[in-house]
Amino acid sequence: MAGEPLSRRGASLLALLVCGCAAGGPNGHEMVLVPAGTYRVGAQGHGRNPLRQVAVAAFEMATTETTNAQFARFVEATGYSTDAERDGFGMVFEEGMIDWQWRQTPGACWRRPFGDARFAAATHPDHPVTQISAADAAAYCAWAGCRLPTVEEWEIAARAGVDTRYPWGDELMPGGKPMSNIWHGKTHFNSDDLDGFVYLSPVKCFAPNGWGLFDVCGNVFEYCANGALATDAADLAHITTARGGSWWCSEGTCESYNLLDIGQMDRNGSLANQGFRVARSPDRVK
C-alpha cells in the first residue's frame, strides 16, 4: 500500500507531540511523528511521480500549514521582511479572472495577501500564511529549528498509509460532500463555494487525514525541499516544488489537490495561494 511502511506494515507507531520545533523553541507546532521505514510513493504511469520505494528516517510533520499567527511571531522576533514586502507587490487572483491570469498587486504580502483588508493576517491569525517565497519559508524554518519536508516525506505523511487519490478515498466529493478547500467551479469566471469558501480558509476546517494532518489537499500549496522538476540548470535557479494544491486549483487548471501530483512553483514568487508546512528531523527531537 502506498504511504505505508513496507518493513513495518500494520504498525501503529505515530505519536502526537505538542512542542516547539527546536527544544524549548519559541513557536510551538503540533507535530506528528512518522516512523522510519521503506514506503511506496507515486503511482504506476505517473509522469512526474512514478511508483517507487523510498527509505526515510523518522521525522515529524506539522499537523497544519504554518499560520499567520506563527509567522507573525517570527517577524516580531526577527524584524524579517518578506520578498513581497521588499518588492512592494504580490500575485493575486480574483473570481472572474481568466484561468492562470494572476495580477501583480501593490501592497499584497503576508500581512495583506490580497493587498487589502480581506484576509489580513492581523484579523485572521488561524489562516495559513501566504504570499511567501521559498526564501521566506526557509528563513522561518531556520529561526524555528524546523525545515521543509522533502517531496517524499510530504507524500508519506499526507497519505497516512492509504493508497487512494485523496486522503478520504478516490472520490473528490463522496456523496456530494466537499472534503477540502478547492475551487469547485470548472473555470474561475465564477465560483461554486460548496465547501463554504471562495478563497482562503482557517486551518482545521476540514477533517484530518488518518494521521491527524489537516489540509493536505487544498487551502494552500505547500513548499517542499527537493525534487525540482526542471532539468535545465537555468530553470533550477528559480523552480521549486510544492504539493497539495490550493483554494485556487480547479478541474480546469492545476487540479493538484491530491496525493500524487507534484506542482512547480517559482521559488522567488509570492502568491495568495502559496504557503508551507514544517517538518523536523529526529536529531531535533529531544
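One rule links them: number in the numbering used here = place in the sequence shown (from 1) + 1207. For glycine and all other residues, C-beta sits at the position ideal for the given N, C-alpha and C. Note that the structure is predicted; figures quoted are calculated from it, not measured.
Short of 6 Å in beta carbon distance, which residues of its chain neighbour residue i, apart from the five on each side in sequence? Order them along the chain.
i       : result
Gln1260 : Thr1245, Arg1247
Tyr1347 : Phe1281
Glu1292 : Cys1316
Ala1243 : Ala1264, Ala1265
Leu1478 : Met1298
Arg1484 : Ala1269, Glu1272, Glu1429
If I follow the unbroken beta strand (DSSP E) through residue i, where does it start and stop?
i       : result
Cys1431 : 1428 to 1431
Phe1300 : Unbroken run through Phe1300: none, as it is neither H nor E.
Tyr1246 : 1244 to 1248
Asp1447 : Note that residue 1447 is Thr in the sequence shown here, rather than Asp. 1446 to 1450 is the span of the beta strand (DSSP E), which, as asked, contains Thr1447.
Gln1260 : 1259 to 1263
Gln1311 : 1310 to 1313
Gln1471 : 1470 to 1473
Phe1413 : Careful: Phe1413 lies outside any beta strand (DSSP E) and carries neither H nor E.
Glu1267 : 1266 to 1269
Val1241 : 1236 to 1241
Below 8 Å on the Cβ atoms is my contact criterion, and I expect residue i with residue j to pass it. Report the Cβ-Cβ distance as a whole number of Å.
i       : j       : result
Ala1486 : Met1268 : 5 Å
Val1239 : Thr1273 : In fact, because the Cβ distance is near 15 Å, the residues do not count as touching under 8 Å.
Thr1312 : Gln1481 : That belief does not hold up - the Cβ atoms of Thr1312 and Gln1481 are roughly 14 Å apart, past 8 Å.
Ile1389 : Trp1307 : Their Cβ separation, rounded to whole angstroms, is 16 Å, which puts Ile1389 and Trp1307 out of contact at 8 Å.
Asn1234 : Ala1351 : 5 Å
So which of the options has the shortest CA-CA distance to residue i?
i       : options                            : result
Leu1355 : Gly1382, Glu1283, Ala1344          : Ala1344
Arg1450 : Arg1293, Gly1382, Pro1332, Tyr1373 : Tyr1373
Gly1476 : Ser1488, Ala1262, Phe1296, Val1239 : Phe1296
Thr1330 : Trp1307, Ala1276, Gly1249, Ala1414 : Ala1276
Lys1384 : Cys1353, Asp1333, Phe1413          : Phe1413
Ala1341 : Arg1484, Ser1488, Arg1474, Ala1479 : Arg1474
Leu1407 : Cys1461, Asn1465, Pro1335, Glu1458 : Pro1335
Asn1433 : Val1427, Cys1353, Val1358          : Val1358
Pro1332 : Phe1428, Cys1431, Val1410          : Val1410
Ser1288 : Gly1314, Phe1300, Glu1302          : Gly1314
Pro1320 : Asp1290, Ala1349, Ile1305          : Asp1290
Ile1339 : Leu1379, Cys1431, Met1386          : Cys1431
Ser1488 : Ser1463, Ser1457, Ala1349          : Ala1349
Val1427 : Gly1382, Pro1381, Asn1465, Ala1324 : Asn1465
Gly1494 : Glu1462, Ile1446, His1445, Ala1324 : Lying outside 1208 to 1493, the shown extent of the chain, residue 1494 is not represented and no answer is given.
Cys1456 : Asp1294, Leu1420, Cys1353, Glu1301 : Glu1301
The alpha helix (DSSP H) spanning residue i covers which residue range?
i       : result
Glu1292 : 1290 to 1294
Ile1363 : 1358 to 1366
Trp1375 : No alpha helix (DSSP H) holds Trp1375; DSSP gives it neither H nor E.
Tyr1406 : Here Tyr1406 belongs to no alpha helix (DSSP H), and DSSP marks it neither H nor E.
Asn1275 : 1275 to 1285
Tyr1347 : 1341 to 1351
Beta-carbon within less than 8 Å of residue i's beta-carbon, same chain only, minus the 5 sequence neighbours each way: which residues are those?
i       : result
Val1241 : Leu1221, Val1263, Ala1265, Phe1266, Glu1267, Met1268, Glu1360, Ile1363, Ala1364, Trp1418
Phe1404 : Asn1388, Cys1412, Trp1454
Ala1324 : Thr1330
Can you list, in chain order, the residues of its chain whose CB lies under 7 Å from that of residue i, leaving out five sequence neighbours each side?
i       : result
Asn1416 : Ala1365, Ala1367, Pro1374, Val1423
Ala1250 : Asn1256, Leu1258, Leu1467
Gly1382 : none
Asp1377 : Thr1371
His1445 : Asp1473, Arg1474, Asn1475
Ala1279 : Ala1328
Open item on the list: Assess contact between the stretch 1275 to 1290 and the stretch 1460 to 1470, defined as three or more Cβ pairs (one per stretch) separated by less than 8 Å. Is contact present?
Closed with: no
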